[in-house]
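For what it's worth, my numbering labels the leading residue of the sequence shown as 6, then goes sequentially.
Here a beta-carbon is modelled for each residue, glycine too, at the ideal position from N, C-alpha and C.
A short worksheet on the structure shown next.
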Amino acid sequence: MDYLDFFSQRLSELRTQKGVSARDMSLSLGQCESYINKIENQKSLPSMNVFFYICDYLDIQPKDFFDISIESPTTTNELLAKMIKLNPKQQEHILFLVDDIINASKK
């Protein structure tokens with residue numbers, strides 16, 4: 006796997022999902038206005054410290070950044086946080102609903 010390519014694409018996807026420009030994100034992180042653009046164009050990589058700031062900015066955990074099975078980590082984390090607040094019976098109802106949605110999309 007080309008990790009530099011993966012990193013730049015994933016950052017671009019997550020930033021776009023958040024609906025923010027590369028310039029605005031760069032400035033919000035306290036960096037120069039082209040900082041995120043350079044990462045997305047594979048000209049540089051962030052330090053670990055800045056990577057953690059990027060994750061905070063995107064409202065995700067670092068592990069979510071690298072988990073390509075989660076297309077929208079922010080939404081997934083929000084859904085999980087709300088599911089935890091439900092009682093077991095309510096969670097079961099939601100699980101059945103999700104199963105129905107998945108099965109319907111396969112048809």
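Q) In the structure shown, what three-state DSSP assignment does D7 receive? A) Reduced to three states, the DSSP call for D7 is coil.
Q: Excluding the 5 residues preceding and the 5 following K23 in the sequence, name in chain order all residues of the same chain whose CB lies nearer than 7 Å to its CB.
A: If the five residues before and after K23 are omitted, its C-beta is found closer than 7 Å to the C-beta atoms of L63, all from its own chain and listed in chain order.
Q.
I'd like to know whether the C-beta atoms of I118 and N82 end up nearer to each other than 8 Å.
A. What the structure shows of the chain is the stretch from 6 to 112, and residue 118 is not part of that stretch, so it cannot be assessed.
Q. Measuring CA to CA, which of L32, A109 and Q47 is closest to D7?
A. With respect to the C-alpha of D7, the residue from L32, A109 and Q47 having the closest C-alpha is Q47.
Q) What is the residue span of the alpha helix (DSSP H) that Q96 lies within? A) Per DSSP, Q96 belongs to the alpha helix (DSSP H) from P93 to K111.
Q: Can you have a look at R16 and say buried or exposed, based on whether 16 or more other CB atoms are within 10 angstroms of its CB?
A: The amino acid at residue 16 is misidentified as Arg; the sequence shows Leu. L16 is buried by the Cβ-count criterion.
Q. Among the residues of its own chain, which have a CB less than 7 Å from the CB of S77, if the five just before and after it don't count?
A. Around S77: Q22.
Q: Measure from the alpha carbon of R28 to the alpha carbon of each residue in N42, F101 and K90, then state which is nearest.
A: Looking only at N42, F101 and K90, the smallest Cα-Cα distance to R28 is reached by N42.
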